[in-house]
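**Student:** Dropping the structure in here first, questions after.
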Amino acid sequence: MQNRTLEIGVGLFLLAGILALLLLALRVSGLAPTASTDTYKLYAYFDNIAGLTVRAKVTMAGVTIGKVTAIDLDRDSFTGRVTLQLEKRVDNLPTDSTASILTAGLLGEKYIGISVGGEDNLLKDGGTIHDTQSSLVLEDLIGKFLLNTVSKDAK
């Protein structure tokens with residue numbers, strides 16, 4: 166009987182460990198359900214959204230204030246439209262704020278960084294951030310460098 170109790174205890178301990186690892190994996194991946202806080206949506210249009218994904222974080226001054234909920238192609242302007250879901254605690258963004266697609270580290274994940282403007286008018290739910298800076302694509306940068314080097318050599 167004592168052996169059976171020991172086996173059940175070890176089994177429960179292993180089950181708790183597996184559940185803890187599963188919860189940790191879900192939180193790290195961003196798939197875990199988060200506490201529902203009050204949020205509002207903003208839109209931003211970018212010429213190039215290379216590498217940005219849905220559920221990417223939105224930061225301001227290094228603090229996460231929201232996430233990307235959708236990425237679409239605007240059929241009228243042929244630019245990428247990003248839908249941002251921001252927390253209500255930052256509902257005082259001026260209309261001249263800037264949204265930039267940034268990279269964590271040299272080759273890390275892409276996220277959106279918001280720089281605050283100085284205008285008195287504020288962005289409202291469903292508003293658009295007009296001043297945007299697109300993603301820096303490393304291949305384009307290398308290509309421009311090589312093309313510049315080749316054109317200098319040809320002279």
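Under this note's numbering, residue 320 is the last one in the sequence shown; the count climbs by one each step, no gaps.
Ideal Cβ positions, reconstructed from N, Cα and C, are used throughout, including at glycine.
Since this is a predicted model, take the numbers as computed values, not measurements.
Could you say if the segment 236-245 and the segment 187-196 meet the contact criterion of at least three C-beta pairs nearer than 8 Å?
**Tutor:** Touching, no, given that fewer than three Cβ pairs across the two stretches are closer than 8 Å.
**Student:** Would you mind working out which of Thr248, Gln298, Asp237 and Val247 sits nearest Leu267, comparing C-alpha positions?
**Tutor:** Nearest option by C-alpha distance: Gln298.
**Student:** Look up Asp237 in the DSSP assignment and say whether it is helix, strand or coil.
**Tutor:** Strand at Asp237.
**Student:** Would Ile277 be called buried (16 or more neighbouring beta carbons within 10 Å of its own) or exposed?
**Tutor:** Its Cβ being crowded by 16 or more others within 10 Å, Ile277 is buried.
**Student:** Helix, strand or coil for Val228, going by three-state DSSP, please let me know.
**Tutor:** Correct three-state label for Val228: strand.
**Student:** From Gly174, Arg220 and Tyr210, pick the residue whose C-alpha is nearest to that of Arg192; which is it?
**Tutor:** With distances taken between Cα atoms, Arg192 lies closest to Arg220.
**Student:** By how many angstroms is the C-alpha of Val302 removed from the C-alpha of Arg214?
**Tutor:** Note that residue 214 corresponds to Ile in the displayed sequence, not to Arg. Each residue's alpha carbon lies about 9 Å from the other.
**Student:** Between the Cα of Thr260 and those of Gly291, Thr170 and Leu312, spot the shortest distance and give me the residue it belongs to.
**Tutor:** Taking only the C-alpha atoms, the option nearest Thr260 is Gly291.
**Student:** Kindly list the residues whose CB is nearer than 7 Å to the CB of Ala235, restricted to its own chain and excluding five residues on each side of it in sequence; keep chain order.
**Tutor:** Result list for Ala235: Val219 and Thr248, in chain order.
**Student:** Which same chain residues end up closer than 7 Å to Ala264 when comparing Cβ atoms and leaving out the 5 residues on each side of it in sequence?
**Tutor:** The residues are Ala209, Ile277, Ile279, Ile294 and Thr297.
**Student:** Are the beta-carbon atoms of Leu251 and Tyr205 separated by less than 7 Å?
**Tutor:** Yes, the pair counts as a contact, with Cβ atoms nearer than the cut-off.
**Student:** Would you tell me roughly how many angstroms separate the C-alpha atoms of Glu181 and Arg254, rounded to the nearest one?
**Tutor:** As written in the sequence, residue 181 is Ala, which differs from the Glu given in the question. Answer to the nearest angstrom: the Cα atoms are 36 Å apart.
**Student:** Roughly how many angstroms lie between the CA atoms of Ile230 and Thr224, to the nearest whole one?
**Tutor:** Their Cα atoms are separated by approximately 5 Å.
**Student:** Distance check for Gly270 and Val281, CA to CA, integer angstroms please.
**Tutor:** Going by the C-alpha atoms only, they are around 22 Å apart.
**Student:** Given a cut-off of 7 Å, decide if Lys275 and Leu217 are closer than it, judged by their beta-carbon atoms.
**Tutor:** Closer than 7 Å, so yes.
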